[in-house]
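Residue numbers (this note's numbering): 379 to 1027. Virtual Cβ for every residue (Gly too), placed ideally from N, Cα, C. Report on the following structure.
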Amino acid sequence: MSQHKDLQKLTAAGLLISLGIIYGDIGTSPLYVFKAIVGTQHISDILVLGGVSCIFWTLTLQTTLKYVVITLRADNKGEGGIFSLFSLVRRKAKWLIVPAVVGGCALLADGIITPPITISSAIEGLVPSFPHLRTVPVVIAIIAGLFIIQQFGSSTVGKAFGPIMFIWFTMMGVLGMSFIIQDPTIIRALNPYYAIKLLTSSDYHAFIILGAVFLCTTGAEALYSDLGHCGRKNIQISWVYVKTCLILNYLGQAVWLLQRNGQVINLNLQNPFYKIMPEWFLIFGIGIATVAAIIASQALISGSFTLIAEAVRLNLWPKVKIHYPSEQKGQLYVGSVNWLLCAGCIGVVLLFKHSDRMEAAYGLSITVAMLMTTILVSRFLRRKKVPGYMVNTFLVMYLLIEGTFLYGNLNKFVDGGWFTLSIGTVLFSIMWTWHTARKIRNRYVKFVEIDDYYNIIKELSDDETVPKYASQLVYLTSANFNSEVESKIIYSILQKQPKRADVYWLVHVDVVDEPYKKEYEVDFLVPNKLIRIDFKLGFRIEQQINLLFRRVVEDLVKNGEVDITSSYKSLNKHKIVGDFRFVVIEKVLSRSHNLSFYEKVVMAFYGYLKKISLSEERGFGLDLSFVTIEKVPLMLAAPETVEITRVSC
379 MSQHKDLQKL
389 TAAGLLISLG
399 IIYGDIGTSP
409 LYVFKAIVGT
419 QHISDILVLG
429 GVSCIFWTLT
439 LQTTLKYVVI
449 TLRADNKGEG
459 GIFSLFSLVR
469 RKAKWLIVPA
479 VVGGCALLAD
489 GIITPPITIS
499 SAIEGLVPSF
509 PHLRTVPVVI
519 AIIAGLFIIQ
529 QFGSSTVGKA
539 FGPIMFIWFT
549 MMGVLGMSFI
559 IQDPTIIRAL
569 NPYYAIKLLT
579 SSDYHAFIIL
589 GAVFLCTTGA
599 EALYSDLGHC
609 GRKNIQISWV
619 YVKTCLILNY
629 LGQAVWLLQR
639 NGQVINLNLQ
649 NPFYKIMPEW
659 FLIFGIGIAT
669 VAAIIASQAL
679 ISGSFTLIAE
689 AVRLNLWPKV
699 KIHYPSEQKG
709 QLYVGSVNWL
719 LCAGCIGVVL
729 LFKHSDRMEA
739 AYGLSITVAM
749 LMTTILVSRF
759 LRRKKVPGYM
769 VNTFLVMYLL
779 IEGTFLYGNL
789 NKFVDGGWFT
799 LSIGTVLFSI
809 MWTWHTARKI
819 RNRYVKFVEI
829 DDYYNIIKEL
839 SDDETVPKYA
849 SQLVYLTSAN
859 FNSEVESKII
869 YSILQKQPKR
879 ADVYWLVHVD
889 VVDEPYKKEY
899 EVDFLVPNKL
909 IRIDFKLGFR
919 IEQQINLLFR
929 RVVEDLVKNG
939 EVDITSSYKS
949 LNKHKIVGDF
959 RFVVIEKVLS
969 RSHNLSFYEK
979 VVMAFYGYLK
989 KISLSEERGF
999 GLDLSFVTIE
1009 KVPLMLAAPE
1019 TVEITRVSC
């Protein structure tokens, strides 16, 4: 817990780390935002000044007020992100699973479009100097390299992120200032009057403009997701510097554009971001922009791994292999997700080829994620007893702002928004199926009172006419109360090849709402014969039941609460520890007419997902040489009575 407290402290190192981890996405947006706002239109005062005004107030209302001031307060023991937020409020209303899953899927879909657009925007800066450069192969090579290095962990590279991003933001601020000096009156663009004038002008399509403006705040969700890595105070203070540099850069680009008032310029070839750089600095600027784009992509990939790991623990995603490449907290690698994202990113580059076409696909899914966060944050504020009128004001204000942005982004659907929404829909179907199928299966799991079987279990353990199955026999149970157990476990012990053991163990894992909780309770149901262990693990803790169980048993032996010495005379004499065996009961759904059509579809898809996901025993980190898997049918209906007549020979 001390680690969490340290993170909340304001330190120079913390500020630098937050610069490196959090602001990649939002920090690289000046590469393409103005390009998207102006497009192929005539450059005019109203378009440029209104554009800057829209950007400034979007960053102020959306990023600063909603995320930096309000949402960062919704921390779950120091952790942030949509699933951490869901864990804080899920007890209040079951329907909150919907915004949590929709938001999580939208963020993952965003992870497929961000690396291609940021890296493409950076590399395309070379085109005016090298007109024959084919950017697509270069972008694909960088993306492929980025995903290949993920398996080695990003902690070593991560240490360099902060200083590089500090250089990036400082560079943007200085370049912006160099043009603001040429026309200081540009500061007037921060007046909301210009934003209103642009959006109400009949010469421009307000919603298309808003869809482009929204690109300036797309990384805001990352501020909250990475709360656990950096701490609230470090994020809030570093944001002041980041926002200042961003606004200075946007103002500088506006000056450059106003110097070409009335013209129509191909901004793909003459990107104002690169045009405000001195000629001699251009190659360095493109180099720094490329590295910043890679860092932005890295942060999003790491965020996707964390999101999937949390979804697995919360039973919203099929079990997948999660690696921990370094000792650093929060450092993890999910191979299956890594290569899926890699394929998705390369697919985006091949499909859209150029960053201006990717802009059409960008923003739609992240607007959906922001709307879902708004709903969950409003529930959190209610839970914190914030006055109702304040919560309602927050909810209405941001549903209105984000709803408007969503409508603006819907214009992009045909041009590319369909791509990220399709990806999000596929991800949603996986999460929803996994969650719903588990509820359907649990409906048919029968529990029995365990104290009815105390005597027979004790007698079986002492019955030497039954061959011993294992010295210590361990079952994983899903029963939440220690007074009950699945009927299938009792059937496995007593009837399906009676299993005699010296000690029977029942192990239950409860995933709790606190991210890093690690506790256990022991209940001696029948002293020295039947023992139940309840693990309470946070949703960010790896469920290595093999190691955790061994540690608990060691503690119990040390305290003299259990004796695990082998009862075989020859081994007992030498104080040899008895053998352990885990039994995992796999519940197989039997065919039945009892399910509705919707439930049958869900269970059919679930069956396919189960085949490609990690098995239960591997998911719990069990040593496979000590595991027995027993498949038992889940009866959805009582078997039909069969009539048959005996005839004499």
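Does the distance from the C-beta atom of residue i to that of residue j stay below 8 Å?
| i | j | result |
| --- | --- | --- |
| I433 | Y628 | yes |
| F917 | F958 | no |
| E599 | A747 | yes |
| V962 | L851 | no |
| G428 | A573 | yes |
| F557 | Y619 | no |
| G459 | T684 | yes |
| G540 | L397 | yes |
| G956 | S944 | yes |
| L777 | L624 | no |
| L645 | D561 | no |
| I911 | V885 | yes |
| G489 | L719 | yes |
| H510 | N693 | no |
Around the C-beta of residue i, are 16 or more other C-beta atoms found within 10 angstroms, so that it is buried, or is it exposed?
| i | result |
| --- | --- |
| K470 | exposed |
| V878 | In the sequence under discussion, the amino acid at residue 878 is Arg, which differs from the Val named in the question. Buried is the call here. |
| N612 | buried |
| K383 | Residue confidence for K383 is low, a pLDDT of 46 falling below 50, so the modelled location carries little weight; the figure read from the coordinates is stated next. K383 is exposed by the Cβ-count criterion. |
| E502 | buried |
| A1015 | Here A1015 scores only 49 on pLDDT, less than 50, and its place in the model should not be relied on; the value that follows carries that caveat. Counting Cβ neighbours within 10 Å, A1015 comes out exposed, since fewer than 16 surround it. |
| K472 | exposed |
| E657 | exposed |
| S407 | buried |
| M379 | Because the pLDDT at M379 is just 39, under 50, the model does not fix this residue reliably, and the value given afterwards should be weighed accordingly. M379 is exposed by the Cβ-count criterion. |
| G630 | buried |
| A519 | exposed |
| R691 | buried |
| D581 | exposed |
| F530 | exposed |
| T1023 | exposed |
| C594 | buried |
| G609 | buried |
| E780 | buried |
| Q440 | buried |
| L474 | buried |
Would residue i count as contacting chain B if we go by Cβ distances under 8 Å?
| i | result |
| --- | --- |
| V904 | Going by chain labels, chain B is absent from the structure shown, which holds only one protein chain. |
Among the options, which has the Cα closest to the Cα of residue i?
| i | options | result |
| --- | --- | --- |
| L504 | F659, I834, S680, G681 | F659 |
| H732 | S499, E1008, E977 | S499 |
| A815 | M981, R638, G597 | M981 |
| V727 | P515, T442, Y445, K866 | P515 |
| Q905 | Y946, I868, A538, Y832 | Correcting the residue identity first, residue 905 is Pro in this sequence and not Gln. It is Y832. |
| V890 | K455, L524, V447, Y410 | K455 |
| I990 | V698, I565, P506, M555 | V698 |
| G551 | W435, R760, L626, A670 | L626 |
| I404 | D581, I421, K621, F412 | K621 |
| L485 | G681, A670, L605, S714 | G681 |
| Y976 | F927, E920, Y847, T811 | T811 |
| C723 | T496, Y582, N924, L409 | T496 |
| I664 | D888, T782, P506 | P506 |
| K988 | Y602, F461, I542, I808 | I808 |
| T782 | S849, I586, V1025 | I586 |
| T798 | M736, R821, V764 | M736 |
| A667 | F544, H701, Y869 | F544 |
| V446 | S579, L593, T751, W617 | W617 |
To the nearest whole angstrom, what separates the beta carbons of residue i and residue j, a pair I think is in contact under 8 Å?
| i | j | result |
| --- | --- | --- |
| L425 | L576 | 7 Å |
| L754 | L463 | 5 Å |
| F913 | L934 | Not quite, the Cβ-Cβ distance comes to about 14 Å (not below 8 Å), so this is no contact. |
| G640 | I421 | 7 Å |
| V940 | V881 | 7 Å |
| V966 | K1009 | 5 Å |
So, do the segment 734 to 751 and the segment 788 to 796 have three or more beta carbon pairs nearer to each other than 8 Å? Contact holds: three or more Cβ-Cβ distances are below 8 Å.
Determine contact between the segment 885 to 904 and the segment 849 to 861, defined as no fewer than three beta-carbon pairs at a distance below 8 Å. In this structure the segment 885 to 904 lies against the segment 849 to 861, because at least three pairs of beta carbons, one per stretch, are closer than 8 Å.
Determine contact between the segment 867 to 886 and the segment 833 to 842, defined as no fewer than three beta-carbon pairs at a distance below 8 Å. Yes, since at least three Cβ pairs between the segment 867 to 886 and the segment 833 to 842 fall closer than 8 Å, the two stretches touch.
Any contact between the segment 647 to 654 and the segment 391 to 399? By contact I mean 3 or more CB pairs, one from each, below 8 Å. Counting Cβ pairs under 8 Å, fewer than three are found: no touch.
Do three or more CB pairs link the segment 793 to 805 to the segment 674 to 690 at distances below 8 Å? Segments in contact, no.
Please determine if the segment 517 to 526 and the segment 758 to 769 are in contact, where contact requires at least 3 C-beta pairs separated by less than 8 Å. No, because fewer than three Cβ pairs between the segment 517 to 526 and the segment 758 to 769 fall closer than 8 Å, the two stretches do not touch.
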